[in-house]
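Visitor: Pasting a structure here, questions to come.
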Amino acid sequence: MPSTTRYLSTALMLALATAQNGDTNPDAQGACSPTKGGEGACGPNGSEEWLNTGLRGDGWTPPFLSINNLTHISLDEYYKGVGSACAQYDENFQVAGDKYDIDPAILAFIAMQESSCNADAGGPTPGLMQCEPANCQNGKDNCQYPVQDNVDCGAWVLRSALDRVGGNAVHALGTYNGWYTAEDGTGLNGGRGLTEDYPCSQEGQDHGVPQNLDYIHETLNGWFQGYDIYGADSALGGYYECQQNCDSGLC
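Just so we're aligned: the sequence shown equals residues -19 to -1, 1 to 232 in mature numbering (1 follows the signal peptide of the UniProt record, and there is no 0).
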């Protein structure tokens, strides 16, 4: 008699296959399905070249995708697949999602991208959401624990960015990883937006870990689609193959 586990595994594989070969976002340019990596990287939420508009020119000028119309797999599918480590924090994502009007699935995807859903992850921006302590919403100078405080911090950062940029998910997600436009007024890069040569410039290195120039593609076309960009699906990452250091390459 075939096992129940076998049927569940088959159902999960079919669900993921459907999600990863499904529709593309009608608002995204250069979109493809399933996701492709490397040169010409693209996915359901657009091509990396489009998402990174301006990065190779005068500075990043993010195209518009509404936070409410992103193409992604369901949270249940995510928890059954690559996001299994995030399932234990579902209540935290739900609470923060309700509080800041953000789809809890998006918070789970970001947590996986940022920390592999490891609440004990360290660094200058510690915790599940890798949230800058200056942005803590608990009235303290650190919010790695309890986990809800860290998820609230990440959700607040994302919501604040979304409100500032008219709900543009591309711009807001980039901001979460330290990307910026000329209009953001950071004064960095000579007042321009982020360019591909900035992360490993002297000024860029003086400001800490270099930005991951593949971040938006990996997030919207990788984690949002149920791919393991840090593991089995690493070939679906972006053109830059960022290693978050300047030993070789641009990032």
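Glycine is no exception: its CB is placed at the ideal position from the N, C-alpha and C atoms. A quick note: this is a predicted structure, and the numbers were derived from the prediction, not measured.
(1) Per DSSP, Cys23 is paired with what?
(2) Return the bridge partner residues of Asn131 from the DSSP annotation.
(3) How many Å lie between Gly168 and Lys61 at the Cα?
(4) When we look at the beta-carbon of Pro105 and count the other beta-carbons within 10 Å, is it buried (16 or more) or exposed?
(5) Counting C-beta neighbours from all protein chains within 10 Å, is the total for Gly21 16 or more, i.e. buried, or is it exposed?
(6) Can you tell which of Gln225, Tyr220, Gln224, Asn119 has its C-alpha closest to the C-alpha of Leu36?
(7) Distance check for Asn202 and Asn2, CA to CA, integer angstroms please.
(8) Suppose contacts are defined by Cβ-Cβ distances below 8 Å. Is Ile197 in contact with Arg140 by that definition?
(9) In three-state DSSP terms, what is Asn149?
(10) List the endpoints of the continuous alpha helix (DSSP H) containing Pro73.
(11) Any idea if Pro127 is buried or exposed, counting beta-carbon neighbours within 10 angstroms, 16 or more meaning buried?
(12) Taking the alpha carbon of Asn193 as the point to measure from, which residue in Ala213, Trp204, Gly159 has its own alpha carbon closest?
(13) Taking the beta carbon of Asn73 as the centre, do at least 16 other beta carbons fall within 10 Å, making it buried, or is it exposed?
(14) Please state whether DSSP places Ser96 in a helix, a strand or coil.
(15) Quick check: what's the CA-CA separation for Asp214 versus Lys17?
(16) For the alpha helix (DSSP H) that contains Glu199, what are its first and last residues?
(17) Quick one: what's got a C-beta closer than 8 Å to Asp8's C-beta in the same chain, skipping five residues either side?
(18) Can you give the Cα-Cα distance for Pro95 and Gly189, rounded to whole angstroms?
(19) Using the Cα positions of Thr200 and Ser14, report the straight-line distance between them to the nearest angstrom.
(20) Ordered along the chain, which non-local residues of its own chain (more than five positions away) have a Cβ less than 7 Å from that of Gly174?
(21) Quick check: Val132 and Tyr70, are their CB atoms within less than 8 Å of each other?
(22) Based on the DSSP secondary-structure assignment, which residues constitute the bridge partners of Ser47?
(23) Can you look up Ala163 in the DSSP assignment and give me helix, strand or coil?
Guide: Judging by the given coordinates:
(1) Mapped onto the sequence shown, residue 23 falls at position 42. DSSP, once it has assigned bridges, lists Lys17, Ser28 as partnering Cys23.
(2) The residue you call residue 131 lines up with position 150 of the sequence shown. For Asn131, which the question treats as bridged, DSSP gives no partner whatsoever.
(3) Within the sequence shown, residue 168 is the residue found at index 187, counting from 1. Within the sequence shown, residue 61 is the residue found at index 80, counting from 1. Between Gly168 and Lys61, the C-alpha separation is close to 43 Å.
(4) Locating residue 105 in the sequence shown gives position 124, where the first residue counts as 1. Pro105 counts as exposed, since fewer than 16 other beta carbons sit within 10 angstroms of its beta carbon.
(5) The residue given as residue 21 occupies position 40 in the sequence shown. Counting C-beta atoms within 10 angstroms of its own C-beta, Gly21 has fewer than 16 neighbours from the protein chains shown and is therefore classed as exposed.
(6) Numbered from 1 along the sequence shown, position 55 holds the residue referred to as residue 36. Per the Cα distances, Tyr220.
(7) For this step, residue 2 is matched to residue 21 along the sequence shown. For this step, residue 202 is matched to residue 221 along the sequence shown. Note that Asn2 scores a pLDDT of 47, beneath 50, so its modelled location is shaky; the value from the coordinates is reported in the next line. Their backbone Cα atoms lie some 12 Å apart in a straight line.
(8) Locating residue 197 in the sequence shown gives position 216, where the first residue counts as 1. Locating residue 140 in the sequence shown gives position 159, where the first residue counts as 1. For Ile197 and Arg140, no; Cβs fall outside 8 Å.
(9) Within the sequence shown, numbered from 1, the residue matching residue 149 stands at position 168. Under the three-state reduction of DSSP output, Asn149 falls in the strand class.
(10) Here the question's residue 73 lines up with position 92 in the sequence shown. Sequence check: residue 73 is Asn here, not Pro. Boundaries of the alpha helix (DSSP H) harbouring Asn73: 71 to 81, taken from the DSSP string.
(11) The residue labelled residue 127 in the question sits at position 146 within the sequence shown. By the 10 Å Cβ count, Pro127 comes out exposed.
(12) Counting from 1 along the sequence shown, the entry for residue 193 is found at position 212. Taking Asn193 as reference, the option from Ala213, Trp204, Gly159 with the minimal CA-CA separation is Gly159.
(13) As a working mapping, residue 73 is identified with position 92 in the sequence shown. Buried is the label assigned to Asn73, since at least 16 other Cβ atoms lie within 10 Å of its Cβ.
(14) The sequence position of residue 96 within the sequence shown is 115, counting from 1. In the structure shown, the three-state DSSP call for Ser96 is helix.
(15) Working through the sequence shown from its first residue, we reach residue 214 at position 233. Working through the sequence shown from its first residue, we reach residue 17 at position 36. Going by the C-alpha atoms only, they are around 10 Å apart.
(16) Here the question's residue 199 lines up with position 218 in the sequence shown. Element bounds for Glu199: 196 to 202.
(17) Taking the sequence shown and counting its residues from 1, one reaches residue 8 at position 27. So the list reads Phe45, Leu46, Ser47, Asn50, once near-sequence residues are dropped.
(18) The residue given as residue 95 occupies position 114 in the sequence shown. The residue given as residue 189 occupies position 208 in the sequence shown. It is Glu, not Pro, that sits at residue 95 in the sequence shown. Straight-line measurement puts the Cα of Gly189 at about 16 Å from the Cα of Glu95.
(19) The residue labelled residue 200 in the question sits at position 219 within the sequence shown. The residue labelled residue 14 in the question sits at position 33 within the sequence shown. Taken atom to atom, the span from the alpha-carbon of Thr200 to that of Ser14 is near 15 Å.
(20) Locating residue 174 in the sequence shown gives position 193, counting from the first residue. Hits under 7 Å: Gly35, Gly40, Trp41, Thr42, Tyr161, Thr162, Ala163.
(21) Along the sequence shown, read from residue 1 onward, the residue named residue 132 stands at position 151. Along the sequence shown, read from residue 1 onward, the residue named residue 70 stands at position 89. In this structure, Val132 places its C-beta atom within 8 Å of the C-beta atom of Tyr70.
(22) As a position in the sequence shown, residue 47 is number 66, starting the count at 1. Asn149, per the DSSP bridge assignment.
(23) Numbered from 1 along the sequence shown, position 182 holds the residue referred to as residue 163. Here Ala163 sits in helix by DSSP.
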